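Novice:
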Amino acid sequence: MTWVVQYFLPGAVIAIMFAVGLDLAPRDFARVFKYPRAALVGLTGQLVFLPALGFLLAMLVKDDPTLAIGIILLAACPGGVTSNMVSYLARAHTALSVSFTAVTSVVSFITIPLIVNWGLAAFGEPGAEIRLPVLATMEKVFLLTILPVLVGMSLRALLPGLVGRIEPYLQRVSSLLLIAILGVIFTLNWDLFIEQFWRYAPFAVAMTMVAGGAGYFAAKAAGLDRRDKFTISIEVGFQNISLAQLIAATILGKPEYGLLAAIYPFANWVPLLPWLLYFRHRSNTLAAGEA
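To convert, count from 1 in the sequence shown and add 670; that's my numbering.
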């Protein structure tokens, strides 16, 4: 399985981030200035509140370093393409969701090594000297995430017709690659997965509900409209599981730290699906009333 960790996981993440870049344009970064209140609330939730929540949850399981570091790692990797899809399906503010993905894709290569190292120092295994080398990690995250996003954006700007034709297929490939990444993490940690699923799953649900709820009520307090409130709740409540798993397996060399991220997409749909269906129903009802 060494080649899978060394080559497949990084290659899969590069392909996924390239597909993200194909869906982005410079205006997506500029849009945060068009919606300053929404941007401030959402980015604060993703980059400040979520890591703080991660540390609080990790303190509850500080005697289990694998789970504690898994929580920190997941909390350090905000956003991801899944949140864009959820906002689209719910008929929320998809453009704002894409803007959050654009900004966090750039900012996270600085914040991830700092947050994860704090987590390793606080909750790491006694006597273990596992640390993320900050500059090397920033370089690797840049090469694996930001660079493919920039390449995708450049290709979209230079060859919009070609991108329009291939993008639907690449989105499907990205979904398959994400499933494959989950499969790799499960394979590497199968015994631990079987043994610990019901211990790990409640923390995935708790992260989704608390982070998403905090995002929603913060947006409400800021006076944002219903679409923005839902979008921010999803952005703060959803994490970049593929990046978390990649860091665990390839940079830290501890794939078991990525197990919570592998369980996360199964567990977090428990609170998410009713919320999505409710909001979509409300959107359809309001649209019918305006017709």
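We put the CB at the ideal spot given by N, CA and C, even for glycine. Please read all numbers here as calculations on a predicted model, not as lab measurements.
Do Gly882 and Gly907 count as a contact pair if the criterion is CB distance below 9 Å?
Specialist: Yes, the Cβ-Cβ distance between Gly907 and Gly882 is below 9 Å.
Novice: Any contact of the segment 761 to 781 with the segment 800 to 819, i.e. 3+ C-beta pairs under 8 Å?
Specialist: Taking 8 Å as the limit for Cβ pairs, the verdict is that the segment 800 to 819 does touch the segment 761 to 781.
Novice: If you draw a straight line from the C-alpha of Ser757 to the C-alpha of Ser767, how long is it?
Specialist: Straight-line Cα distance between these residues: approximately 7 Å.
Novice: If you drop the 5 nearest sequence neighbours on each side, which residues of the same chain put their C-beta closer than 8 Å to that of Val711?
Specialist: Hits under 8 Å: Gly885, Ala888, Ala889, Ala892, Leu894, Ile902.
Novice: Hey, Gln915 and Ile851: beta-carbon distance below 9 Å or not?
Specialist: Yes, the Cβ-Cβ distance between Gln915 and Ile851 is below 9 Å.
Novice: Among the residues of its own chain, which have a CB less than 8 Å from the CB of Ala689, if the five just before and after it don't count?
Specialist: Correct list, in chain order: Val751, Gly822, Glu837, Leu840, Gln841, Val843, Ser844.
Novice: On the three-state DSSP scale, how would you describe Pro748?
Specialist: Pro748: strand per DSSP, three-state reduction.
Novice: Quick one: Cα of Pro944 to Cα of Val786, how far?
Specialist: If you take the alpha carbons of Pro944 and Val786, they lie about 32 Å apart.
Novice: Of the choices Leu913, His951, Asp898, Phe867, whose alpha-carbon is the least far from that of Pro706?
Specialist: It is Asp898 whose Cα lies nearest to the Cα of Pro706.
Novice: From what residue to what residue does the alpha helix (DSSP H) around Tyr886 run?
Specialist: Looking at the DSSP string, the run of the alpha helix (DSSP H) that includes Tyr886 is 860 to 891.
Novice: Leu784 to Ala806, Cα distance in whole Å?
Specialist: About 12 Å.
Novice: How many Å lie between Ser824 and Arg835 at the Cα?
Specialist: Approximately 16 Å, taken between the alpha carbons.
Novice: Comparing C-alpha positions only, which one of Met808, Ala695, Thr920, Pro830 sits nearest to Leu858?
Specialist: When only C-alpha atoms are compared, the closest one is Thr920.
Novice: Hey, would you say Leu848 sits closer than 9 Å to Ala682, going by beta carbons?
Specialist: Contact flag set, yes.
Novice: To the nearest angstrom, how far is the alpha carbon of Phe678 from that of Ala931?
Specialist: Straight-line Cα distance between these residues: approximately 17 Å.
Novice: Would you kindly work out how many angstroms separate the C-alpha atoms of Arg950 and Gly928, rounded to a whole number?
Specialist: Looking at the two C-alpha atoms, the distance is approximately 32 Å.
Novice: List the endpoints of the continuous alpha helix (DSSP H) containing Leu727.
Specialist: First-last of the alpha helix (DSSP H) with Leu727: 720 to 730.
Novice: Given a cut-off of 9 Å on the beta-carbon distance, is the pair Met687 and Pro803 in contact?
Specialist: The answer is no: Cβ separation not under 9 Å.
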